[in-house]
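Engineer: Residue numbers (mature numbering (1 follows the signal peptide of the UniProt record, and there is no 0)): -21 to -1, 1 to 93.
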Amino acid sequence: MRKLSIGILMIGLFLFTGCSASSEPLPETPNTTQPAIVVEGELYYTTGMEMPIEPAEEAIKKVTGVTDHREHPAMEGEINFPIEDTVYAKISDGEEYVVVLIEGEWVRFEKREE
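1. CB K40 to CB V66, shorter than 8 Å?
2. Helix, strand or coil for E37, going by three-state DSSP, please let me know.
3. Can you check whether the CB of P14 is closer than 8 Å to the CB of T26?
4. Hey, could you find the ends of the beta strand (DSSP E) A15 is sitting in?
5. Looking at the structure shown, is R49 part of a helix, part of a strand, or coil, going by DSSP?
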């Protein structure tokens, strides 16, 4: 009787363990870095915040290149997100940040706190 109870318990344990394992594939997470731009040798990262400003015309510069989304940009004016023919400006109004024109809106980019 004891062997039968242990056998039933073992079968139940195997069934329980087998049912809890998921065979569904997990969605793949793309290997990307946060959108960033290099301005005056420093990396600025997106905050996602749209800014209701219009930078001075002389402050606006053209993005110089687009690098792979899995890497940080390295060259002046380079970005790592797929928007070509766009512009940016460095703003100094008590604090320094950069805005990039994305889909007709100026989006704020900031340096990360170390």
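The beta-carbon is built from N, C-alpha and C at its ideal position, and this holds for glycine as well.
Structural biologist: To lay it out plainly:
1. Yes, the pair counts as a contact, with Cβ atoms nearer than the cut-off.
2. The answer is helix: DSSP assigns E37 an H, G or I state.
3. No; because the gap between Cβ atoms is not below 8 Å, this pair is not in contact.
4. Annotation for A15: the continuous beta strand (DSSP E) segment containing it runs 15 to 18.
5. DSSP places R49 in coil when its eight states are reduced to three.
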